[in-house]
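For reference, the structure is listed below as structure tokens.
Protein chains: 2
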Amino acid sequence: MIRTLFCLIVILFIVNCEQVIVDEHGIFELKNGTDNHKYHELTEILRKISILRGINAVLEWDQQVMMPTKGSGARAEHLAEISGILHERETDPKIGELLTSLESELHTLDAYEAANVKLTRKDYDRKTKLSKDLAEKRAKLSSEGFNTWVEARKTNNFEMFAPILTQWVALQKEIANLIDPSRDAYDVLLDDYEPGTSGQEIDNIFSQLKTELIPLVAAVRRSNSQVDDSTLLEQVYSTKTQEELSRKIASEVVGFDFSKGRLDSSAHPFSLGVDTDDVRITTRLRNNSLLSGLRCTVHEAGHALYEVNLNKKYKGQTVQRYIGVAIHESQSLFWERHILMGTHFWDKWYPHIKDLFGLKASKEIMFKSVNKVNFDNLIRVEADELTYPLHVILRFEIERELFNGTINVNELPKIWGERMEKYLGIKPSNDSNGVLQDVHWGSGYFGYFPTYTLGALYAAQIAAHPTISGWVRENDYNSIINWLRDNVHSKGSVTMTSEQLIKDATGEKLNPSYFINHLRSKYKSIYDLE
Amino acid sequence: MIRTLFCLIVILFIVNCEQVIVDEHGIFELKNGTDNHKYHELTEILRKISILRGINAVLEWDQQVMMPTKGSGARAEHLAEISGILHERETDPKIGELLTSLESELHTLDAYEAANVKLTRKDYDRKTKLSKDLAEKRAKLSSEGFNTWVEARKTNNFEMFAPILTQWVALQKEIANLIDPSRDAYDVLLDDYEPGTSGQEIDNIFSQLKTELIPLVAAVRRSNSQVDDSTLLEQVYSTKTQEELSRKIASEVVGFDFSKGRLDSSAHPFSLGVDTDDVRITTRLRNNSLLSGLRCTVHEAGHALYEVNLNKKYKGQTVQRYIGVAIHESQSLFWERHILMGTHFWDKWYPHIKDLFGLKASKEIMFKSVNKVNFDNLIRVEADELTYPLHVILRFEIERELFNGTINVNELPKIWGERMEKYLGIKPSNDSNGVLQDVHWGSGYFGYFPTYTLGALYAAQIAAHPTISGWVRENDYNSIINWLRDNVHSKGSVTMTSEQLIKDATGEKLNPSYFINHLRSKYKSIYDLE
């Protein structure tokens with residue numbers, strides 16, 4: 009009530025006629041080709057659902073960035089309430105009826121509209137095929153699993169975590185079987201993150217990577233010209249100045265529009281879309297590390313660019329949504345790895361950054377440092393571009409084997425150690441920096457890991473596209489932004505699969521050789537390999 | 009979706025098991041005396057409604073403090089969606105049924121429970137007695153009226169605004185008549201802001217004030233010892249240092265707990281309660297004015313203290329809510345006027361503030377300046393403690409006369425000028441700084457103005473209480489905070505009227521002589537009157 013009272017005063021005192029005007033006219037009218045009233049009935053239901061998702065986004069952003077610590081109890085109630093209302097609307101039988109009748113009229117719809125119906129069906133089935141019991145069982149295991157994982161990692165106790173893992177594999181198999189009994193359970197899970205792919209396809213790609221990367225990592229390790237970043241590390245970099253630089257680069261390089269978003273700090277950087285006109289990112293700045301902050305900012309700004317450029321014509325519609333986690337990751341990795349971590353960026357930006365901080369490190373050192381390989385690193389999230397895929401491949405292989413039953417949970421610590429040694433030449437000293445290091449499995453996310461590396465592959469293929477690589481050389485960021493908007497972002501999910509999207513955009517289906525060549529040529533030059 | 013995706017990662021990576029645990033156990037269990045299951049059915053409905061209000065509060069706070077400008081369109085949709093869901097739940101016929109059956113069993117409930125039923129009935133009737141048409145008519149006029157007011161004030165065009173005012177008076181009479189045909193329309197409107205009072209009662213009080221204040225203002229104006237604050241005004245005060253001071257004083261004086269709230273900046277300072285454990289205030293700091301920022305901070309922190317101390321036992325219940333706008337204002341004015349603007353505060357804090365800014369002004373000048381009377385000020389929101397009530401009385405009288413038909417809208421500019429001259433000895437040069445200066449009427453808020461001055465009266469009566477005045481002299485803020493919590497904040501609305509609350513708290517019904525004596529003695533000493 010008090011908020012009503014004071015916000016009344018605030019809302020009225022504040023010059024926000026805009027708010028009022030928007031309130032009257034701002035609600036987006038879909039202008040679709042079809043005059044099928046059932047279709048428009050469906051889009052209106054979807055639009056309303058997307059408004060609730062936007063509300064949820066504000067609550068989650070506030071929770072991570074602004075909320076006072078003791079507000080967490082009330083916030084948990086806010087989020088539970090919204091997700092209750094959301095679930096009710098997302099599983100509304102009316103959606104099912106409309107879909108059924110529209111599915112017989114798909115030929116009357118244009119490509120976006122037809123995709124909208126098909127994608128909504130997919131969402132609707134995944135939500136409604138689960139019994140209330142099963143959904144609750146999953147929710148319960150998800151929070152229990154997360155808490156157990158936190159405790160197990162803290163106390164380096166895999167035995168504590170093993171039963172959770174066993175339950176998850178069983179439960180996810182059960183769920184996958186309900187969603188699509190005709191496919192492998194693991195493939196059904198993958199579909200949530202990379203639509204249209206399969207474990208086998210990914211395995212084919214990852215096998216090529218392994219064959220190339222394991223010797224490359226070994227060669228880099230043996231190299232006599234290791235990167236010396238001591239001049240960089242001995243300096244202190246004011247976080248205030250880093251923030252200014254972050255804002256400048258987010259806006260001048262990645263085109264982050266501060267009238268449509270915010271950049272704040274948080275312990276764990278993330279990007280979050282409230283709306284295409286309100287996309288917020290966070291970064292993490294430390295005064296002993298200039299490059300990690302820059303990488304965070306550019307990475308999240310890359311994600312944000314995708315959200316800002318989603319096709320407004322399909323606002324709130326399933327087809328407007330990004331095509332998958334892997335492609336989303338490719339948009340952040342493109343800017344982080346192919347722009348920020350490339351030589352051309354440093355040609356352009358080095359003088360400014362040098363002035364800003366009185367940099368001691370040379371331009372060459374900056375470029376080499378941001379690409380430096382850390383051979384002794386056991387932790388995926390801290391891995392460099394070269395070793396990261398091997399961390400991912402190890403997890404992907406273990407997930408598949410768990411689901412097809414060729415290994416069992418208790419063997420994981422042993423298998424983890426052996427493969428780390430085989431792939432990266434290092435062995436974890438304990439399970440906390442080994443099999444227990446990632447949050448995903450405790451919360452039931454299986455099939456998510458591959459997307460980190462698939463994203464890297466997509467990014468490399470886009471960067472290798474002749475048109476793009478020219479713009480990268482010229483630091484012509486605007487042309488890149490426009491190309492990405494037209495060929496990736498604005499497409500939403502109309503292609504139904506990432507494979508089709510990348511084919512339309514680059515003229516070729518996903519081809520790992522672009523990523524491999526990118527790594528080979530870059531690390532050959534940095535580490536002076538023959 | 010992207011937010012789901014990234015917040016998934018965020019929520020999981022962030023150490024917020026707390027969030028999860030709270031999610032499981034944090035939902036507040038009402039422990040009421042009665043075992044009446046209908047009563048608990050009602051309280052559960054109310055608790056759910058209060059969660060939605062909390063969500064609405066986060067959206068409004070974000071809109072005012074954090075949201076990027078172009079996010080306003082989506083935010084308007086978020087707020088419209090939530091208010092739609094809220095309206096649906098607040099007018100749920102189930103509430104009516106439960107109330108009807110509980111009203112026959114009031115004797116089985118304790119005082120808080122009985123008040124909870126009565127207050128919920130009051131809310132429910134006020135929401136359900138309006139037809140959908142009438143509610144929409146009001147909403148439409150409210151936004152049209154606000155926009156017209158903005159334009160009219162900008163262009164100094166009262167004729168443009170007059171029709172809105174005429175429509176509002178007619179509409180509010182119609183609404184008041186539906187709510188309670190047995191009472192004067194204006195009294196029904198007053199009841200929204202100061203429950204249990206009447207225009208006649210307020211008029212009796214305000215008449216005494218007028219009789220005392222008009223000559224007092226005149227005497228101060230004639231005084232030969234005017235306040236010279238030039239040494240204060242010639243300095244520049246870093247807003248960063250002001251912010252530190254604001255935080256220190258909010259927490260060490262008013263007891264603002266930063267684990268349960270935030271202090272930010274906004275163009276128009278406000279206080280907003282998301283939950284008793286998440287109460288947020290904003291302030292406005294300008295480097296050319298040290299005192300106005302301090303006053304904003306302390307004022308809003310006073311409001312926040314009320315919200316934080318509301319009785320958790322009745323979380324989400326109607327009876328937990330503050331008793332009225334006037335009492336709420338008294339809690340902010342108590343800290344602003346009787347602590348910050350008093351001599352004892354400066355005895356304790358002057359040395360620290362002097363060091364912080366290298367103050368040139370003496371302690372005496374600081375005290376006099378914060379209380380300085382600005383005779384030529386035509387604007388209510390910029391008025392000092394002494395002249396403010398006369399601005400309010402003028403508006404209150406005009407409102408009453410508009411509603412009982414003794415004046416009509418077109419006369420307002422003339423009447424405004426005459427009374428400003430009579431009460432304050434100044435005349436507006438145009439309508440923009442006269443009758444068009446306030447936001448309230450354009451948006452249909454009639455009966456709100458008196459609460460500013462009633463709040464000042466309540467604050468003065470509390471400050472004059474022997475126990476309190478002793479603590480004020482000793483700067484014993486904690487004892488004051490505890491007393492206010494036990495005698496005002498935690499009472500919520502159990503007393504049903506502000507009159508009963510102040511009587512229980514101070515042993516006497518509202519008595520304007522405390523306020524009058526406070527002003528007389530303070531301004532006699534500052535302006536050296538005989």
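As you go down the protein sequences, you meet chains A and B in turn.
Counting with our numbering, you get residues 9 to 538 for the letters of the first sequence.
Counting with our numbering, you get residues 9 to 538 for the letters of the second sequence.
Even for Gly, the Cβ is constructed at its ideal location relative to N, Cα and C.
As the structure is a prediction and not an experimental result, all values here were calculated from the model.
Check                                                                                                                         : Outcome
Per-residue burial, serine 267(A) [other beta carbons within 10 Å of its own, 16 or more giving buried]                       : exposed
Under 7 Å by beta carbon: chain B residues contacting lysine 248(A)                                                           : Chain B residues near lysine 248(A): none, gap ~11 Å exceeds 7 Å.
Nearest candidate by alpha-carbon position, reference asparagine 124(B), set Val502(B), Lys140(B) and Ile93(B)                : Val502(B)
is_contact[lysine 268(A), chain B] using C-beta, thresh 8 Å                                                                   : yes
Opening and closing residue of the alpha helix (DSSP H) in which serine 109(A) lies                                           : 101-111
Residues that DSSP places opposite aspartate 286(B) in a beta bridge                                                          : Asp283(B)
Cβ of methionine 374(B) within 8 Å of any chain A Cβ                                                                          : no
CA-to-CA distance, leucine 271(A) to glycine 62(A), given in whole angstroms                                                  : 18 Å
Distance between proline 203(B) and isoleucine 59(B) (C-alpha atoms, nearest Å)                                               : 24 Å
Collapsed DSSP secondary structure at glycine 153(A) in the structure displayed                                               : helix
Boundaries (first-last residue) of the alpha helix (DSSP H) holding glycine 301(A)                                            : 298-316
Whether glycine 450(A) touches phenylalanine 154(A) by CB criterion (8 Å)                                                     : yes
Beta-carbon proximity check, threonine 326(B) vs leucine 465(B), cutoff 8 Å                                                   : no
Buried versus exposed call for threonine 284(A) [16 or more other C-beta atoms within 10 Å across all chains shown]           : buried
Which residues DSSP lists as bridging threonine 272(B), in chain order                                                        : It should be pointed out that residue 272(B) corresponds to aspartate in this sequence rather than to threonine. In the DSSP output, where bridge partners are listed per residue, aspartate 272(B) has Thr290(B).
Distance CB(isoleucine 434(A))-CB(leucine 386(A)) smaller than 8 Å                                                            : yes
Glycine 455(B) and aspartate 200(B) closer than 8 Å at C-beta                                                                 : yes
Neighbouring residues, chain A, relative to leucine 60(B) (Cβ below 8 Å)                                                      : Glu89
Integer-rounded CB distance, given that asparagine 483(B) should sit under 8 Å from histidine 352(B)                          : 6 Å
Interface flag, isoleucine 63(A) vs chain B, CB-CB below 8 Å                                                                  : yes
Of the listed residues Met349(B), Phe365(B) and Leu107(B), nearest to histidine 48(B) (C-alpha basis)                         : Leu107(B)
Within 7 Å of chain A by C-beta, residues of the segment 273-297 of chain B in sequence order                                 : Ala275, His276, Phe278, Ser279, Leu280, Gly281, Val282, Asp283, Asp285 and Asp286
CA-to-CA distance, glutamate 405(A) to isoleucine 172(A), given in whole angstroms                                            : 19 Å
Any chain B beta carbon closer than 8 Å to leucine 67(A)                                                                      : yes
Proline 359(B) in three-state terms, based on DSSP                                                                            : helix
Close-in-space but distant-in-sequence residues of the same chain around isoleucine 423(A) (CB under 7 Å, 5 per side omitted) : Ile406 and Ile415
Close Cβ partners of leucine 149(A) (< 8 Å) along its chain, the five nearest in sequence each way excluded                   : Ile172, Gln175, Trp176, Leu179 and Gly452
DSSP-derived helix/strand/coil call for arginine 191(B)                                                                       : coil
Straight-line Cα distance separating glutamate 144(B) from glutamate 89(A)                                                    : 27 Å
The alpha helix (DSSP H) enclosing glutamate 85(B), as first and last residue numbers                                         : 80-98
Residues from the segment 73-107 of chain B in contact with chain A, defined by Cβ distance under 9 Å                         : Val73, Met74, Met75, Pro76, Thr77, Lys78, Gly79, Ser80, Gly81, Ala82, Arg83, Ala84, Glu85, His86, Leu87, Ala88, Glu89, Ile90 and Ile93
Proximal residues of chain B, C-beta to C-beta of aspartate 200(A) below 7 Å                                                  : None at all; the shortest Cβ gap to chain B is about 10 Å.
CB contact check: aspartate 236(B) to chain A, cutoff 8 Å                                                                     : no
Opening and closing residue of the alpha helix (DSSP H) in which tryptophan 424(B) lies                                       : 420-432
Residue-chain proximity (aspartate 484(A), chain B), Cβ-Cβ < 8 Å                                                              : no
Residues near histidine 86(B) in its chain [Cβ-Cβ closer than 7 Å; skip 5 each side]                                          : Leu67
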